[in-house]
Structures are given as structure tokens and as C-alpha cells.
Amino acid sequence: MAITKEKKQEIIDAFRREENDTGSPEVQIALLTARINDLTEHFKIHKKDHASRRGLLMLVSKRSGLLKYLKQTDRKSYLEVIGRLGLRK
Numbered sequence: 008m009a010i011t012k013e014k015k016q017e018i019i020d021a022f023r024r025e026e027n028d029t030g031s032p033e034v035q036i037a038l039l040t041a042r043i044n045d046l047t048e049h050f051k052i053h054k055k056d057h058a059s060r061r062g063l064l065m066l067v068s069k070r071s072g073l074l075k076y077l078k079q080t081d082r083k084s085y086l087e088v089i090g091r092l093g094l095r096k
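Okay, here's the thing in C-alpha cells:
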């Protein structure tokens, strides 16, 4: 259910700005999206898992805030991230 260390490193490598970047908004949004997708698959099997559903809503809210921040500060990067992740159709 959790993201493996290798998968997390792969996501960080794909979205980082520079060599040692792990905390930029782009990386955080990509990691949150991966966790949200995993939880979405979990809910297809476990429909009554309301505690985890609350966690999912918190992750979605956090990602939304990061996307709003990125949209205001760096529009080009925002458009690139949502395009690569397939968000906001």
C-alpha cells in the first residue's frame, strides 16, 4: 500500500529541479499524487475503510494547496506538472 523506496526515488528523480532537490513543490505534488492513486485503488477493494478515506481527503487537500501555490508563483512549472501527472483535464 505504501510507496516503496525505489518508486519514491524514481518519482523524485523525474520531478526534481536540481541534483539534491527533494522538497520542491513539484516533487511534493508528484509524491502526493502517487499516494492518492494507491489509496484510490485500495478503496476499490475496501469500500468501508473510512479512517483511510479521511487520510485520502487530507492528502488531496494538501496537494490542492501546493498546486495553488505553484500556480501563483511559477505558472510554467505548474502547467508542466499537471500535464505530466494528468491532473486537471
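Positions 8 to 96 (the numbering used here) are the ones given, in order, by the sequence shown.
Note that the Cβ used here is the ideal one computed from N, Cα and C, for glycine as well.
Since we're looking at a predicted model, the values are computed, not measured.
Using DSSP with H/G/I as helix, E/B as strand and the rest coil, what is LEU64?
LEU64: helix per DSSP, three-state reduction.
Is the beta carbon of GLU33 less than 8 angstroms from the beta carbon of VAL67?
In this structure, VAL67 does not lie closer than 8 angstroms to GLU33 by Cβ.
Could you tell me whether the segment 41-60 touches the segment 77-85, using the rule of 3 or more Cβ pairs below 8 angstroms?
Touching, no.
What does the alpha-carbon distance come out to for the pair SER84 and HIS53?
Approximately 36 angstroms, taken between the alpha carbons.
Rounded C-beta distance between ALA37 and LEU92? I'm assuming under 8 angstroms.
Rounded, the Cβ-Cβ distance is 6 angstroms, consistent with contact.
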